[in-house]
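Take the sequence shown: its letter number 166 is residue 266 in my numbering, and every next letter is one higher.
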Amino acid sequence: MKYYHQTTLDLIIFLSLFVFTIIYMGITEFAIHRSPIDSAFYRYTTRTGVLLDYVAFVVIISLTGGTLSPLYPIAYLVILHASLYWSLVGAMVATVMVVLGYIGVVITVDGGFIIEDLPRHFFNFAFLIMVGVIGGILVARERRHFVEKGIFENLAKKDYLTGLYNHRSFQERIKETIAKQQHFTLVMADIDYFKHINDQYGHQAGDAVLQSIGTLFESSIPSEHGSAFRYGGEEFVIILYTQDRHFASDLLHQIREKLRALEFGTGENKFNITMSFGATVRDKEQSATELVAGADALLYEAKEKGRDRLVWGSYSLP
Numbered sequence: 101m102k103y104y105h106q107t108t109l110d111l112i113i114f115l116s117l118f119v120f121t122i123i124y125m126g127i128t129e130f131a132i133h134r135s136p137i138d139s140a141f142y143r144y145t146t147r148t149g150v151l152l153d154y155v156a157f158v159v160i161i162s163l164t165g166g167t168l169s170p171l172y173p174i175a176y177l178v179i180l181h182a183s184l185y186w187s188l189v190g191a192m193v194a195t196v197m198v199v200l201g202y203i204g205v206v207i208t209v210d211g212g213f214i215i216e217d218l219p220r221h222f223f224n225f226a227f228l229i230m231v232g233v234i235g236g237i238l239v240a241r242e243r244r245h246f247v248e249k250g251i252f253e254n255l256a257k258k259d260y261l262t263g264l265y266n267h268r269s270f271q272e273r274i275k276e277t278i279a280k281q282q283h284f285t286l287v288m289a290d291i292d293y294f295k296h297i298n299d300q301y302g303h304q305a306g307d308a309v310l311q312s313i314g315t316l317f318e319s320s321i322p323s324e325h326g327s328a329f330r331y332g333g334e335e336f337v338i339i340l341y342t343q344d345r346h347f348a349s350d351l352l353h354q355i356r357e358k359l360r361a362l363e364f365g366t367g368e369n370k371f372n373i374t375m376s377f378g379a380t381v382r383d384k385e386q387s388a389t390e391l392v393a394g395a396d397a398l399l400y401e402a403k404e405k406g407r408d409r410l411v412w413g414s415y416s417l418p
């Protein structure tokens, strides 16, 4: 009880800080959980959160008995928190910060270093350093494994040549989208006369075309509006999260204009490309197989009508 009832003011400050900390931690952790890892909010919060934890630790043990506070073990959590978000270097920095904070509490709250307390202080310092070093190394190793796992998983989902998600990723995405009962537009696309390009200009030129299309699709389709995938060979597929044909047609028209503006090769070997598109809207209970078959049939129709065009289920947009 002596830790929490030194003065009424200390008690009020402690309880206020405790309630604020609980609310702050709850809101922050929920926000971090909901935020993408690569978002600015996630990066800012995970970095500044350690500093706020450190300040809270120093204030709390100052109000609850100094270095004899039963809440002193929070120091280890601060270091582990830093090692989680700041890696090994962060763990070392946090350890130094906690040690300096500990020294400050000894001087301002405990009344300075007393000879009989030196063994306790020594072991506290030793444990802090051990937690910082060992915890930092373990967390850094796990982070490295996590990053490597993410890289391999990403490689398995993406096409190495175009940088777009591959056929397997498309199958997963369309099933997920259908399972969410989302209405969307499915677009099948194919490079016109691609075999001729490979035969006349070589497979390296064909690869350059595929790479450029991948870059163009990725830059032209905002992630909130949809995704592009390499379906196989010279075929691509696009999922647009909209039923609005005019919106989808405008977006695809912009892509077609950009495609026409691309130039490949040099001199007499310079050439341009076009693509044909077949689009269908999922506005009923069509399965993934039915949608793909329908869009593929519309793509074939676009080819039959002269290529370099977009064909919808009920009308054609040249």
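The C-beta atom is built at its ideal place from N, Cα and C for all residues, glycine as well.
Rounded separation between residue i and residue j - CA only
i           : j           : result
residue 394 : residue 179 : 57 Å
residue 205 : residue 175 : 13 Å
residue 231 : residue 328 : 46 Å
residue 184 : residue 145 : 13 Å
residue 264 : residue 256 : 11 Å
residue 362 : residue 372 : 6 Å
residue 343 : residue 283 : 6 Å
residue 360 : residue 374 : 6 Å
residue 220 : residue 123 : 33 Å
residue 401 : residue 186 : 55 Å
residue 116 : residue 148 : 21 Å
residue 163 : residue 172 : 11 Å
residue 166 : residue 213 : 12 Å
residue 369 : residue 301 : 7 Å
residue 241 : residue 269 : 29 Å
residue 298 : residue 190 : 52 Å
residue 308 : residue 364 : 8 Å
residue 293 : residue 304 : 16 Å
residue 61  : residue 217 : Outside the shown range of the chain (101 to 418) lies residue 61, about which nothing can therefore be said.
residue 274 : residue 267 : 11 Å
residue 287 : residue 349 : 10 Å
residue 417 : residue 252 : The predicted model places residue 417 with a pLDDT of 45, which falls under 50 and marks its position as unreliable; any figure quoted below should be read in that light. Those two C-alpha atoms are separated by around 41 Å.
residue 415 : residue 386 : Low confidence applies here, because residue 415 scores a pLDDT of 42, under 50, leaving its location unreliable; read the following figure in that light. So the two alpha carbons sit approximately 20 Å from each other.
residue 97  : residue 296 : The structure shown does not extend to residue 97, since the chain is modelled only from 101 through 418, so no value can be given for it.
residue 207 : residue 120 : 27 Å
residue 203 : residue 112 : 25 Å
Where residue i sits in the DSSP three-state scheme
i           : result
residue 258 : strand
residue 366 : coil
residue 209 : coil
residue 326 : strand
residue 112 : helix
residue 321 : coil
residue 104 : With a pLDDT of 46 at residue 104, under the threshold of 50, the modelled position of this residue cannot be trusted, and the question is left open.
residue 380 : strand
residue 357 : helix
residue 331 : strand
residue 172 : coil
residue 341 : coil
residue 399 : helix
residue 264 : coil
residue 415 : Any reading at residue 415 is ruled out, since the residue's pLDDT is 42, under 50, leaving its predicted position unreliable.
Rounded Cβ spacing between residue i and residue j (contact assumed at less than 8 Å)
i           : j           : result
residue 246 : residue 289 : With 8 Å as the limit, residue 246 and residue 289 do not qualify as a contact, their Cβ atoms being about 35 Å apart.
residue 188 : residue 234 : Between residue 234 and residue 188 the Cβ distance is about 11 Å, and since that is not below 8 Å, they are no contact.
residue 398 : residue 411 : 5 Å
residue 340 : residue 285 : 4 Å
residue 228 : residue 198 : 6 Å
residue 278 : residue 388 : 6 Å
residue 211 : residue 158 : About 17 Å; that fails the 8 Å criterion.
residue 323 : residue 354 : Not quite, the Cβ-Cβ distance comes to about 16 Å (not below 8 Å), so this is no contact.
Buried/exposed call for residue i, threshold 16 Cβ in 10 Å
i           : result
residue 331 : buried
residue 260 : exposed
residue 222 : exposed
residue 356 : buried
residue 334 : buried
residue 377 : buried
residue 155 : exposed
residue 151 : exposed
residue 406 : exposed
residue 391 : buried
residue 338 : buried
residue 317 : buried
residue 352 : buried
residue 161 : buried
residue 366 : exposed
residue 226 : exposed
residue 102 : Any reading at residue 102 is ruled out, since the residue's pLDDT is 48, under 50, leaving its predicted position unreliable.
residue 239 : buried
residue 291 : buried
residue 153 : buried
Closer than 7 Å to chain D by CB, residue i
i           : result
residue 405 : Within the model displayed, chain D is absent; a lone protein chain is all it includes.
Taking only runs of the beta strand (DSSP E) that begin and end inside the region 268-316, which ones reach a length of at least 3 residues, in chain order?
Assignment of beta strand (DSSP E) within the region 268-316, counting only whole runs of 3 or more residues, yields 284-291 in chain order.
Kindly provide the ranges of any beta strand (DSSP E) runs that are 3 or more residues long and lie completely inside the region 186-250, ordered along the chain.
As far as the region 186-250 is concerned, it has no whole beta strand (DSSP E) run of at least 3 residues.
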